[in-house]
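Residue numbers for the sequence shown follow the working numbering, so the first one is 5 and each next one is one higher. Heads up, the beta-carbon is just placed ideally off N, CA and C, and yes, glycines get one too. Here is the structure we will look at, set down as structure tokens.
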Amino acid sequence: MAGKLTDKVAIVTGASSGIGEATALALAAEGAKVVIAARRSDRLLALEARITAIGGKALSITTDVSDEAQVEALVNTTGAKFGRVDILINNAGVMLLGLIDNADTEDWRRMINLNVLGLMYATHKVLPLMKAQGVGHIVNISSVAGRIVNAGSGVYNASKWAVGAFSEALRKEVYQNNIRVTIIEPGLVATELPQHITHPTVREQMKNYYGSVKNLESEDIANAIVYAVTQPSHVNVNEILIRPIEQQA
Ligand SMILES: NC(=O)c1ccc[n+]([C@@H]2O[C@H](COP(=O)([O-])OP(=O)(O)OC[C@H]3O[C@@H](n4cnc5c(N)ncnc54)[C@H](OP(=O)(O)O)[C@@H]3O)[C@@H](O)[C@H]2O)c1
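What follows is the structure in structure tokens.
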């Protein structure tokens with residue numbers, strides 16, 4: 005399929021739903037070969053079929069992004085199959101909100117292991133390939149929660165602030181290798197993200213909060229990502245903060 009990303013190879017983590025799914029479709033529609041990764045294989049295979057049906061190219065690789073060995077296999081398989089990785093979309097994430105006191109610390113481990121370490125593993129694994137190619141683009145999905153801290157969101161906030169700090173250090177380390185780094189910071193997007201909150205009361209509160217404004221759609225974020233990765237090669241779009249018009253905080 006011809007487009008602004010023809011011949012480019014992109015890995016999208018967390019592609020089985022929401023923002024990752026929409027982004028994989030949008031990149032494929034611009035001609036990129038997309039490698040789609042997440043844990044739910046059935047959803048990945050369905051997306052692979054949708055991309056193929058619109059004339060695109062996709063390869064699904066079941067991956068738990070919080071597992072370093074699986075992330076290494078994801079990048080190695082992509083390299084072996086397509087010979088390069090031009091774009092990495094570090095999107096997989098969970099938002100397990102709740103107060104710090106009395107928290108289930110397993111929620112903390114899941115957030116840090118995926119939102120922070122998973123993103124770091126994937127970045128670490130693609131860098132040698134991107135450096136050897138002399139070009140690359142890493143897009144890290146943070147959040148408004150990476151800019152504004154709230155009670156009840158301490159560890160999710162910490163995970164997304166970590167994404168911001170890591171991304172800026174990364175940019176300073178790799179810009180001379182012609183590798184671009186972009187942070188995307190969405191506000192409320194209509195996805196299944198809040199449904200995975202383990203605390204029933206907090207889950208209900210977030211359902212009401214999401215229901216109180218007209219949310220962004222995953223495609224709105226995918227459009228911002230496509231914008232960032234299709235700029236001329238001298239342009240490094242470092243940060244995009246994008247809220248629904250009705251969202252104040
Ligand atoms: N929705 C919002 O309001 C919002 C706002 C700001 C930022 N974000 C960020 O946007 C990103 C995408 O979230 P979303 O809103 O699209 O939510 P989503 O629909 O729940 O998507 C999350 C994705 O992450 C994947 N994932 C979860 N655990 C994983 C693991 N251990 N290994 C691999 N993949 C895993 C899920 O797939 P599997 O379950 O199949 O593995 C799914 O594909 C997240 O980083 C989130 O923090 C979302």
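With the cut-off set at 8 Å, would you say residue i and residue j are in Cβ contact?
{"i": "residue 140", "j": "residue 75", "result": "no"}
{"i": "residue 19", "j": "residue 48", "result": "yes"}
{"i": "residue 217", "j": "residue 190", "result": "no"}
{"i": "residue 234", "j": "residue 174", "result": "no"}
{"i": "residue 99", "j": "residue 197", "result": "yes"}
{"i": "residue 210", "j": "residue 51", "result": "no"}
{"i": "residue 95", "j": "residue 27", "result": "yes"}
{"i": "residue 161", "j": "residue 167", "result": "no"}
{"i": "residue 143", "j": "residue 92", "result": "yes"}
{"i": "residue 60", "j": "residue 33", "result": "yes"}
{"i": "residue 111", "j": "residue 205", "result": "no"}
Which of the three DSSP states is assigned to residue i in this structure?
{"i": "residue 168", "result": "helix"}
{"i": "residue 221", "result": "coil"}
{"i": "residue 79", "result": "helix"}
{"i": "residue 196", "result": "coil"}
{"i": "residue 190", "result": "strand"}
{"i": "residue 184", "result": "strand"}
{"i": "residue 126", "result": "helix"}
Counting C-beta neighbours from all protein chains within 10 Å, is the total for residue i 16 or more, i.e. buried, or is it exposed?
{"i": "residue 17", "result": "buried"}
{"i": "residue 121", "result": "buried"}
{"i": "residue 222", "result": "buried"}
{"i": "residue 67", "result": "buried"}
{"i": "residue 9", "result": "buried"}
{"i": "residue 193", "result": "buried"}
{"i": "residue 44", "result": "exposed"}
What residues in its chain sit with their C-beta under 8 Å from that of residue i, if we drop five residues either side in the sequence?
{"i": "residue 82", "result": "13, 15, 39, 63, 65 and 89"}
{"i": "residue 107", "result": "159"}
{"i": "residue 41", "result": "15, 16, 17, 18, 19, 48, 64, 65, 66, 67, 69, 78 and 96"}
Apart from the five residues on each side of it in sequence, which residues of its chain come closer than 7 Å, Cβ to Cβ, to residue i?
{"i": "residue 71", "result": "none"}
{"i": "residue 56", "result": "62"}
{"i": "residue 118", "result": "69, 70, 96, 97 and 98"}
{"i": "residue 176", "result": "none"}
{"i": "residue 163", "result": "115, 116, 119 and 120"}
Check for me: the beta strand (DSSP E) holding residue i runs from which residue to which?
{"i": "residue 17", "result": "13-17"}
{"i": "residue 144", "result": "140-145"}
{"i": "residue 94", "result": "91-94"}
{"i": "residue 243", "result": "243-246"}
{"i": "residue 66", "result": "61-66"}
Using a Cβ-Cβ cut-off of 6 Å (strictly less than) and excluding sequence neighbours within five positions of residue i, which residues of its own chain qualify?
{"i": "residue 259", "result": "The structure shown has nothing for residue 259, since the chain only spans 5 to 253."}
{"i": "residue 185", "result": "142, 171, 174 and 175"}
Span of the alpha helix (DSSP H) holding residue i?
{"i": "residue 39", "result": "From DSSP, residue 39 is part of no alpha helix (DSSP H) but of the beta strand (DSSP E) over 37-42."}
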